[in-house]
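>
Protein chains: 2
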Amino acid sequence: MSQYWSDLVHTLQPYVPGEQPRHVELTKLNTNENPYPPSPRVRAVLDDAAVDALRLYPDPDSGALKAALAARAGLAPENVFIGNGSDDVLALAFMAFFKQPEPLRFPDLTYGFYPVYCKLFGIASRIVPLNAAFEVDPADYAAESGPIVLPNPNAPTGRALPLEQLERLLAANRERVVLIDEAYVDFGAESAVALLAEHPQLLVVQTFSKSRSLAGLRVGFAYGSAELIAGLERVKDSFNSYPLDRLAQAGALAALEDEDYFRDCIARVMATREWTVAELTRRGFAVLPSQTNFVLARVPNGRARALFEQLREVGVLVRYFDRPRLHEHLRISIGTDAEMRRLIEEIDRLLD
Amino acid sequence: MSQYWSDLVHTLQPYVPGEQPRHVELTKLNTNENPYPPSPRVRAVLDDAAVDALRLYPDPDSGALKAALAARAGLAPENVFIGNGSDDVLALAFMAFFKQPEPLRFPDLTYGFYPVYCKLFGIASRIVPLNAAFEVDPADYAAESGPIVLPNPNAPTGRALPLEQLERLLAANRERVVLIDEAYVDFGAESAVALLAEHPQLLVVQTFSKSRSLAGLRVGFAYGSAELIAGLERVKDSFNSYPLDRLAQAGALAALEDEDYFRDCIARVMATREWTVAELTRRGFAVLPSQTNFVLARVPNGRARALFEQLREVGVLVRYFDRPRLHEHLRISIGTDAEMRRLIEEIDRLLD
């Protein structure tokens with residue numbers, strides 16, 4: 236509390252960032268980072284010329300990156316929005332499209348920032364529970380007309396809706412924006428980008444943080460109709476006009492252009508995921524089918540908290556959610572083969 | 236206009252970014268960028284390890300950079316706030332400290348974003364005209380008790396208040412935050428950091444964009460009392476929790492540590508500035524004393540717009556403000572010696 240603060244500041248709760256340990260000896264399977272480095276092309280593009288050019292302001296529009304993203308999706312630059320990580324894109328989308336009388340709908344188990352943004356921006360919400368198999372059922376979103384935000388695949392469940400079910404959901408919701416958050420889509424799910432031509436209410440948000448191994452660079456983006464992108468640009472230019480810095484623009488573009496590396500990297504993560512699912516299942520974990528770079532697994536006998544703490548003691552970090560429907564599960568990011576072997580070895584030791 | 240937009244979006248005006256030409260043959264003296272590249276240490280720190288680490292999220296607190304900034308100013312990390320460029324820091328400070336009943340005071344001729352932020356955040360303001368010599372007079376800020384934002388040196392005038400006058404202003408304004416925006420302070424003015432110990436209401440904002448040649452990296456920061464910094468952190472974590480990316484943190488830290496290069500670089504800019512002032516003065520321009528990397532010069536016969544347009548035609552970009560008190564002036568960024576020679580040659584040709 237301070238006499239200098241606006242009233243606003245007094246009403247805000249200080250935020251405590253998630254655990255980001257700095258000890259390299261840890262096996263870090265708790266924040267869904269990619270275990271592999273970004274494309275070598277990212278290194279190559281950060282050359283003398285790029286560093287010398289840092290004396291100049293960046294392109295406020297991230298024009299080259301925007302054009303490349305548009306081309307990759309068969310869209311025009313006016314269908315692409317770029318932000319400082321997909322959290323930035325999401326926050327701007329909440330302001331641009333969800334701040335309105337009808338409540339925003341999203342699942343009970345989903346990305347934790349959605350309720351946070353609703354609270355911050357004063358957006359009404361209605362929680363739609365996942366079914367017993369932790370799946371989104373499009374029928375649950377058919378009755379009302381408010382906007383929708385839905386990760387596909389969902390987090391922390393890892394489950395994805397196939398395209399025809401997404402299409403059902405969109406066909407029943409044409410009046411307000413439907414935001415599909417595809418942070419994890421590259422690890423085996425189908426992108427809703429294919430549905431953009433038929434659905435001007437659809438906004439598809441993606442990120443370079445997961446499948447492109449660039450969490451440290453903060454680059455996210457959205458695909459949508461020109462009118463949705465124009466709405467986002469208006470809010471961005473008014474509340475947060477900070478462009479991507481030059482190295483972020485250059486690095487993201489280089490990563491985007493290296494399709495072979497991208498394919499290889501996600502194939503490796505998916506192969507390691509399937510190995511991990513098999514090993515966990517063999518040990519009595521109930522693992523949800525995942526199309527992401529993490530798995531949600533019910534711990535044998537439901538003793539998730541105990542296992543979480545024991546793993547942590549030996550330096551293996553996974554994610555535990557102390558909340559209904561999830562407190563018997565652990566969310567485990569897919570690391571390298573060596574990291575996952577270590578996880579399984581520690582589990583064998585601890586659950587012995 | 237769109238049925239999908241929030242009411243909010245309809246009320247916002249699309250923003251048109253300033254001219255950022257991409258043709259290298261231009262002589263670009265219109266955006267106050269540094270003509271010299273950043274410290275070679277920035278290049279050195281963007282190595283294989285830094286690029287590999289991009290797969291991991293950045294430190295949300297920019298801890299290493301914060302510690303280095305604190306040490307340089309003889310302060311503690313809790314006295315330092317870091318943002319995505321000083322515009323980000325300013326926007327958060329406006330929300331944290333200026334959104335309150337008493338109007339915010341600032342000069343009639345000053346940084347153009349202040350009135351923009353007031354409008355966006357619904358902040359009442361009162362304009363305090365500069366005196367006839369384009370100087371801030373602390374006496375003009377003594378009568379009321381609202382908060383103040385003041386660049387020192389001021390832009391676009393280039394004039395700076397000496398420390399004892401800043402102290403007078405602070406002594407008369409202890410109830411609300413006084414924000415001193417020191418974007419250009421390193422080019423010859425005195426920093427208000429020396430006054431922080433006595434003034435918990437003082438917030439000093441600086442940037443890596445000008446004197447550190449890192450406009451392309453988007454790094455700004457503020458020094459202040461722990462209670463002001465805590466207020467900024469609260470707003471940032473709530474509305475815009477985007478951390479600096481890893482390369483921005485590493486690059487800024489490397490630049491900060493290269494004190495010799497920094498000193499050399501600003502000495503060169505200041506020497507070129509003095510040469511430019513002398514040459515312009517000799518040609519009948521009335522040049523305000525500048526402690527920045529630009530000069531504000533009244534064009535002979537006041538024909539600033541015509542000269543601006545003529546210079547532009549030959550590829551020399553300077554800044555013209557079509558507004559009262561400034562429409563007979565040009566703001567000219569200080570480039571390399573060669574760039575300033577070209578400017579003078581073109582002026583000689585055009586005003587012949």
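In the order they appear, the protein sequences are chains R and Z.
Under my numbering, the first residue of the first sequence is numbered 236, with each subsequent residue one higher.
Under my numbering, the first residue of the second sequence is numbered 236, with each subsequent residue one higher.
Just so you know, even glycine gets a beta-carbon here, dropped at the ideal spot from N, CA and C.
Predicted model only: the values in this text are computed from it and were never measured.
1) Secondary structure at Phe-456 (chain Z), three-state DSSP: helix, strand or coil?
2) Run through the region 535-587 of chain R for me and flag every whole beta strand (DSSP E) of 3 or more residues, listed as ranges in chain order.
3) Once you ignore the five residues that flank Ile-362 (chain Z) on each side, which residues in its own chain have a CB closer than 6 Å to its CB?
4) Count the other C-beta atoms from every protein chain shown that fall within 10 angstroms of the C-beta of Ala-328 (chain R), then say buried if there are 16 or more, exposed otherwise.
5) Using beta carbons (cut-off 8 Å, strictly below), is Ala-450 (chain Z) in contact with chain R?
6) Tell me the rounded alpha-carbon separation between Val-259 (chain Z) and Val-315 (chain Z).
7) Identify which residue in R:Phe-529, R:Tyr-458, R:Glu-574 and R:Leu-561 has its Cα closest to the Cα of Asp-306 (chain R).
8) For the candidate residues Z:Pro-273, Z:Tyr-292, Z:Pro-270 and Z:Asp-282, whose alpha-carbon lies nearest to that of Asn-269 (chain R)?
9) Name the DSSP beta bridge partners of Pro-386 (chain R), please?
10) Go ahead and label Arg-538 (chain Z) buried or exposed: buried means 16 or more other beta carbons lie within 10 angstroms of its beta carbon, across all protein chains shown.
11) Quick check: what's the CA-CA separation for Tyr-349 (chain R) versus Pro-535 (chain Z)?
12) For Leu-437 (chain R), name the three-state secondary structure that DSSP assigns.
13) I want to see whether chain R comes within less than 8 Å of Ala-378 (chain Z), judged by CB atoms only; does it?
14) Can you list the beta strand (DSSP E) stretches of 3 or more residues lying completely in the region 255-334 of chain Z, in chain order?
15) Looking at the structure shown, is Ala-359 (chain R) part of a helix, part of a strand, or coil, going by DSSP?
16) For Tyr-292 (chain R), decide whether its Cβ has a neighbour in chain Z, counting only Cβ atoms nearer than 8 Å.
17) Can you name the start and end residues of the alpha helix (DSSP H) that Ala-506 (chain Z) belongs to?
18) Quick one: grab the DSSP three-state call for Thr-246 (chain R).
19) Would you kindly work out how many angstroms separate the C-alpha atoms of Gly-381 (chain R) and Ala-374 (chain R), rounded to a whole number?
20) What number of angstroms, rounded off, separates the C-alpha of Pro-478 (chain R) from the C-alpha of Val-549 (chain R)?
21) Taking 8 Å as the threshold (beta carbon to beta carbon), is Ala-489 (chain R) in contact with chain Z?
22) Determine whether the beta carbon atoms of Pro-388 (chain Z) and Tyr-419 (chain Z) lie at a separation below 8 Å.
23) Taking contact to mean 3 or more Cβ pairs, one atom from each stretch, closer than 8 Å, check whether the region 432-445 of chain Z and the region 288-303 of chain Z are in contact.
24) Would you please verify whether the beta carbon of Val-259 (chain Z) is less than 8 Å from any beta carbon of chain R?
25) Three Cβ pairs or more, each shorter than 8 Å: is that satisfied between the region 321-341 of chain Z and the region 487-499 of chain Z?
26) So, for Trp-510 (chain Z): in the same chain, excluding its five sequence neighbours on each side, which residues have a beta-carbon less than 8 Å away from its beta-carbon?
27) Do we get a CB-CB distance below 8 Å when we pair Met-330 (chain Z) with the residues of chain R?
28) Tell me the residue span of the alpha helix (DSSP H) that contains Ala-406 (chain R).
29) Using a Cβ-Cβ cut-off of 8 Å, state whether Pro-273 (chain R) counts as contacting chain Z.
30) Rounding to the nearest angstrom, what Cα-Cα distance links Ala-528 (chain Z) and Ser-568 (chain Z) in this structure?
31) Starting from Phe-341 (chain R) and walking both ways along the beta strand (DSSP E), at which residues does that stretch end?
Per the coordinate set shown:
1) Along the second sequence, read from residue 1 onward, the residue named residue 456 (chain Z) stands at position 221. Strand at Phe-456 (chain Z).
2) Restricted to the region 535-587 of chain R, the beta strand (DSSP E) segments that are unbroken, complete and at least 3 residues in length are 564-568, listed in chain order.
3) If you number the second sequence from 1, residue 362 (chain Z) lands on position 127. Here the set comprises Asp-343.
4) Looking up residue 328 (chain R) in the first sequence gives position 93. Result: buried.
5) Here residue 450 (chain Z) refers to the residue found at position 215 when the second sequence is read from its first residue. Flagged as an interface residue toward chain R: Ala-450 (chain Z), by a C-beta distance shorter than 8 Å.
6) The residue given as residue 259 (chain Z) occupies position 24 in the second sequence. The residue given as residue 315 (chain Z) occupies position 80 in the second sequence. Low per-residue confidence applies at Val-259 (chain Z): pLDDT is 45, beneath 50, and the placement is therefore not dependable enough to give any value.
7) In the first sequence, the residue the question calls residue 306 (chain R) occupies position 71. In the sequence under discussion, the amino acid at residue 306 (chain R) is Ala, which differs from the Asp named in the question. Nearest option by C-alpha distance: R:Tyr-458.
8) As a working mapping, residue 269 (chain R) is identified with position 34 in the first sequence. Closest by alpha carbon: Z:Tyr-292.
9) Here residue 386 (chain R) corresponds to residue number 151 of the first sequence, with the count starting at 1. Answer is R:Asp-416, bridged to Pro-386 (chain R).
10) In the second sequence, the residue the question calls residue 538 (chain Z) occupies position 303. The Cβ neighbour count for Arg-538 (chain Z), taken over all protein chains shown within 10 Å, is under 16; the residue is labelled exposed.
11) Here residue 349 (chain R) refers to the residue found at position 114 of the first sequence. Here residue 535 (chain Z) refers to the residue found at position 300 of the second sequence. Straight-line Cα distance between these residues: approximately 58 Å.
12) Here residue 437 (chain R) refers to the residue found at position 202 when the first sequence is read from its first residue. Reduced to three states, the DSSP call for Leu-437 (chain R) is strand.
13) Locating residue 378 (chain Z) in the second sequence gives position 143, counting from the first residue. It does not: the Cβ of Ala-378 (chain Z) has no partner Cβ on chain R nearer than 8 Å.
14) Listed in chain order, the complete beta strand (DSSP E) runs (minimum 3 residues) inside the region 255-334 of chain Z are 315-318.
15) Mapped onto the first sequence, residue 359 (chain R) falls at position 124. In the structure shown, Ala-359 (chain R) sits in coil (DSSP, three-state: anything other than H, G, I, E or B).
16) Working through the first sequence from its first residue, we reach residue 292 (chain R) at position 57. For Tyr-292 (chain R), the nearest CB of chain Z lies under 8 Å from its own CB, placing it at the interface with that chain.
17) Against the second sequence, residue 506 (chain Z) aligns to sequence position 271. From DSSP, the alpha helix (DSSP H) with Ala-506 (chain Z) extends over 494-517.
18) The residue you call residue 246 (chain R) lines up with position 11 of the first sequence. Thr-246 (chain R) carries a helical assignment under DSSP once its states are collapsed to helix, strand and coil.
19) If you number the first sequence from 1, residue 381 (chain R) lands on position 146. If you number the first sequence from 1, residue 374 (chain R) lands on position 139. Distance between the alpha carbons of Gly-381 (chain R) and Ala-374 (chain R): 14 Å.
20) The residue given as residue 478 (chain R) occupies position 243 in the first sequence. The residue given as residue 549 (chain R) occupies position 314 in the first sequence. One C-alpha to the other measures close to 41 Å.
21) Within the first sequence, residue 489 (chain R) is the residue found at index 254, counting from 1. No, no contact with chain Z.
22) Start at 1 with the first residue of the second sequence, and residue 388 (chain Z) comes out as number 153. Start at 1 with the first residue of the second sequence, and residue 419 (chain Z) comes out as number 184. Cβ atoms of Pro-388 (chain Z) and Tyr-419 (chain Z): closer than 8 Å.
23) The answer is no - the region 288-303 of chain Z does not touch the region 432-445 of chain Z, with fewer than three Cβ pairs under 8 Å.
24) On the second sequence, position 24 is the one that residue 259 (chain Z) refers to. Note that Val-259 (chain Z) has pLDDT 45, beneath the 50 cutoff, so the model's placement of it is unreliable and the number below is only indicative. By the rule that beta-carbons nearer than 8 Å mark a contact, Val-259 (chain Z) does not touch chain R.
25) In this structure the region 321-341 of chain Z does not lie against the region 487-499 of chain Z, because fewer than three pairs of beta carbons, one per stretch, are closer than 8 Å.
26) Locating residue 510 (chain Z) in the second sequence gives position 275, where the first residue counts as 1. Annotation for Trp-510 (chain Z): Asp-572 and Met-575 place their beta carbon closer than 8 Å to its own, counting only its chain and skipping 5 residues before and after.
27) Counting from one through the second sequence, the residue named residue 330 (chain Z) turns up at place 95. Contacts with chain R at 8 Å (Cβ-Cβ) include Met-330 (chain Z).
28) As a working note, residue 406 (chain R) is residue 171 in the first sequence. For Ala-406 (chain R), the uninterrupted alpha helix (DSSP H) segment begins and ends at 398-406.
29) Position 38 of the first sequence holds residue 273 (chain R). Look at Pro-273 (chain R): its C-beta is under 8 Å from a C-beta on chain Z.
30) Sequence index remark: in the second sequence, residue 528 (chain Z) carries index 293 (1-based). Sequence index remark: in the second sequence, residue 568 (chain Z) carries index 333 (1-based). It should be noted that the sequence gives Asn, not Ala, for residue 528 (chain Z). If you take the alpha carbons of Asn-528 (chain Z) and Ser-568 (chain Z), they lie about 6 Å apart.
31) As a first step, residue 341 (chain R) must be located in the first sequence, where it is residue number 106. Residue range 339-342 is occupied by the beta strand (DSSP E) that includes Phe-341 (chain R).
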